[in-house]
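J.:
In this note's numbering, the protein residues as written are 1 to 599.
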């Protein structure tokens with residue numbers, strides 16, 4: 001087996017299925033620039049709008065393919081040529097999806113985009129200058145610096161900012177920069193717009209100063225082909241004939257007024273799973289722009305791409321409103337789930353059937369949001385982090401910080417503590433799942449530190465392959481700290497990057513737990529029957545459809561042990577009837593967030 005160090009030395013990018021792709025050379029880069037320019041020219045000659053999607057990750061790759069399905073669109077997907085990500089480019093250009101998805105439409109639309117020559121992936125930044133719409137899908141992460149204490153965190157906004165600077169230095173001034181990344185409120189207006197304004201002014205100054213070296217005929221030809229200067233041709237000619245600082249300032253200001261940055265924000269409401277593509281094209285969308293021109297361009301583009309009957313567009317006053325809306329709706333959802341966890345934990349102690357209670361409460365129309373959590377922690381890319389973007393903005397955007405007085409600081413402290421508490425509750429109940437296992441093992445005379453425990457479900461929600469912020473990680477790490485022998489099974493997940501790359505990630509959860517070193521070698525087993533052989537306990541962490549069909553007989557058969565020697569902790573997979581059958585069969589069964597079904 002090749003070591004990672006040797007692969008690094010080879011300067012190759014390795015795909016998840018082990019294929020090696022050499023990183024591009026200088027000659028490759030030069031040829032690629034020519035190719036991208038030719039493709040863009042051909043598309044424009046055919047009357048197509050060129051759209052550049054920056055970032056070909058979980059959302060960007062699908063968004064690029066969706067835009068390519070629209071009429072009169074040609075899409076260039078842009079991804080850095082890094083060792084970790086470059087492989088996505090040849091994959092897409094071969095019509096292969098770079099992401100795992102349970103929605104067959106993902107593979108279909110990527111393949112379709114390539115076959116119809118409406119989609120192309122590249123690594124050259126020059127592609128940005130060719131786009132009439134440039135979409136940002138560069139992820140913006142939250143890194144929590146203490147486990148279970150989200151008051152101490154950092155937002156890794158620098159990659160997004162650097163990507164925005166790159167766009168600002170290359171984008172045609174008449175083009176729209178559409179930010180679809182979820183970012184802290186105020187980012188588009190108070191971080192991105194100043195970056196663009198500064199970059200545009202610098203580009204105008206650089207063009208002017210370069211013209212001083214030309215004769216007047218060359219100057220006129222260059223100005224007529226300049227995106228920034230063609231409207232001020234005579235002023236530029238006068239400046240070249242007699243270059244003075246004051247004239248330069250006047251031209252720069254006038255040219256800038258004619259070409260203010262066009263920036264809009266519109267967040268995606270993506271639901272990974274079997275309906276992934278439809279969740280993008282057939283779901284209501286919120287948008288806004290920094291000015292009327294930007295908002296109008298965004299509305300026109302989105303209406304051409306989001307073609308589903310339910311894809312209603314809602315325009316808000318400013319991008320800050322749009323950014324706040326994304327964070328607010330995910331904070332609301334996270335709070336409902338956290339409340340469910342809190343009530344469920346109390347239901348355990350009070351011996352209450354929480355599912356029946358919730359069903360009874362939902363009869364009241366105003367309380368239909370109440371829910372029983374289906375996993376021990378809240379995963380996915382949005383709910384664990386988006387609430388903290390609100391806190392980051394208050395602390396880091398100067399325009400918001402200066403509005404804080406001593407009085408409202410105190411009031412806001414309580415609000416901020418509430419949001420942090422919501423995140424903490426949703427992050428940490430994986431610990432409780434392990435505690436339930438330990439308690440049940442003790443009842444049958446076994447110790448957790450010498451037991452084999454299987455975690456069934458490594459994705460963040462049912463019937464998807466996405467492991468981001470999934471429950472399995474906390475459970476596995478705490479089990480390992482406790483000395484248990486841990487294994488993982490999942491019918492959809494192929495790898496566990498959170499464990500595999502824990503040494504490269506300075507923010508990995510590994511540093512919060514003991515005995516983590518060997519976890520980087522832990523592999524996921526796709527077969528429950530194989531993974532369950534000889535285990536003492538099973539934690540059903542995700543309610544995958546195949547798990548819902550398991551009977552106590554099948555569980556015992558898979559483990560090869562009698563029911564009285566097996567502990568099962570269910571975090572939300574089995575219904576009441578199934579739970580009763582597990583208990584009746586003799587399994588040592590605990591259902592998280594529920595009291596004893598024997599009562």
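Here a beta-carbon is modelled for each residue, glycine too, at the ideal position from N, C-alpha and C.
#1: I need the DSSP call for residue 470, collapsed to helix, strand or coil.
#2: Rounding to the nearest angstrom, what Cα-Cα distance links residue 125 and residue 578 in this structure?
#3: Pull the bridge partners of residue 591 from the DSSP assignment, please.
#4: Give the list of continuous alpha helix (DSSP H) stretches no shorter than 4 residues that lie fully inside the segment 172-241.
#5: Judging by CA-CA distance, which residue of 539, 109 and 214 is the nearest neighbour of residue 440?
#6: For the alpha helix (DSSP H) that contains residue 120, what are its first and last residues?
#7: Which of the three DSSP states is assigned to residue 98 in this structure?
#8: When DSSP labels each residue in this structure, what does residue 151 get in the three-state scheme?
#9: What's the C-alpha gap between residue 362 and residue 343?
#10: In or out: residue 384 buried (at least 16 other Cβ within 10 Å) or exposed?
#11: Rank 137, 251, 501 and 438 by C-alpha distance to the C-alpha of residue 239 and give the top, closest one.
#12: May I ask you to report which of helix, strand or coil DSSP gives residue 456?
#13: Name the residue from 483, 289 and 379 whose alpha carbon lies nearest to the alpha carbon of residue 498.
#14: In terms of residue numbering, what span does the beta strand (DSSP E) encompassing residue 22 cover?
#15: Residues bridged to residue 13 by DSSP?
#16: My guess is that residue 302 and residue 316 are in contact by the Cβ rule of under 8 Å, so how many angstroms apart are they, rounded?
#17: Run the CB neighbour count on residue 1, radius 10 Å, all protein chains shown included, and call it buried at 16 or more, exposed below.
#18: Is it buried or exposed for residue 180, if we count other Cβ within 10 angstroms and need 16 for buried?
#19: Counting C-beta neighbours from all protein chains within 10 Å, is the total for residue 332 16 or more, i.e. buried, or is it exposed?
#20: Alpha carbons only, please: which of 38, 93, 221 and 218 is nearest the one belonging to residue 122?
#21: Short check: CB of residue 298 to CB of residue 289, under 8 Å?
#22: Report all residues from its chain with a CB closer than 8 Å to the CB of residue 600; omit the five preceding and five following residues, and keep chain order.
#23: Is residue 2 helix, strand or coil by DSSP?
#24: Give every residue of the same chain whose Cβ lies closer than 7 Å to the Cβ of residue 446, excluding the five residues on either side of it in the sequence, and list them in chain order.
#25: Starting from the C-beta of residue 3, find all residues in its chain whose C-beta is less than 6 Å away, skip the five residues before and the five after it, and write them out in chain order.
#26: So, helix, strand or coil for residue 71, using DSSP?
#27: On the DSSP letters alone, give me the boundaries of the beta strand (DSSP E) that residue 389 sits inside.
#28: Smallest Cα separation from residue 130: which of 201, 174 and 114?
T.: In short:
#1: The answer is coil: DSSP assigns residue 470 none of H, G, I, E or B.
#2: The alpha-carbon atoms of residue 125 and residue 578 are separated by roughly 55 Å.
#3: According to DSSP, residue pairing for residue 591 in a beta bridge involves 570.
#4: The qualifying runs are 193-211, 216-224 and 233-241.
#5: Of 539, 109 and 214, the residue nearest in Cα terms is 539.
#6: Bounds of any alpha helix (DSSP H) do not take in residue 120; it lies within the beta strand (DSSP E) bounded by 119-122.
#7: Three-state result, residue 98: coil.
#8: Coil.
#9: One C-alpha to the other measures close to 15 Å.
#10: By the neighbour-count criterion, in which 16 or more other beta carbons inside 10 Å mark a residue as buried, residue 384 falls on the buried side.
#11: Selected option, being the one with the closest Cα: 251.
#12: Shown here, residue 456 sits in a strand according to DSSP, grouped into three states.
#13: It is 379.
#14: Residues 20-22.
#15: Per DSSP, 21.
#16: Taking 8 Å as the upper bound for CB-CB distance, residue 302 and residue 316 are not in contact here, some 13 Å apart.
#17: In this prediction, residue 1 scores a pLDDT of 39, lower than 50, which makes its location untrustworthy; the coordinate-derived value is nonetheless stated afterwards. Exposed, by the Cβ-count rule.
#18: Classification of residue 180: buried, given that the 10 Å Cβ count is 16 or more.
#19: Flag for residue 332 reads exposed.
#20: Sorting 38, 93, 221 and 218 by C-alpha distance to the C-alpha of residue 122 places 93 at the top.
#21: A contact, by the Cβ cut-off of 8 Å.
#22: No answer is possible for residue 600: it lies beyond the span of the chain, which begins at 1 and ends at 599.
#23: Confidence in residue 2 is poor, its pLDDT being 46 and thus under 50, which makes the residue's placement too unreliable to answer from.
#24: Setting aside the 5 residues that flank it on each side, residue 446 is surrounded in the same chain by 536, each with a C-beta closer than 7 Å to its C-beta; the list follows chain order.
#25: Because the pLDDT at residue 3 is just 47, under 50, the model does not fix this residue reliably, and the value given afterwards should be weighed accordingly. So the list is empty, once near-sequence residues are dropped.
#26: The answer is coil: DSSP assigns residue 71 none of H, G, I, E or B.
#27: Segment 386-396 is the alpha helix (DSSP H) holding residue 389; no beta strand (DSSP E) there.
#28: Of the candidates 201, 174 and 114, the one whose C-alpha sits nearest the C-alpha of residue 130 is 174.
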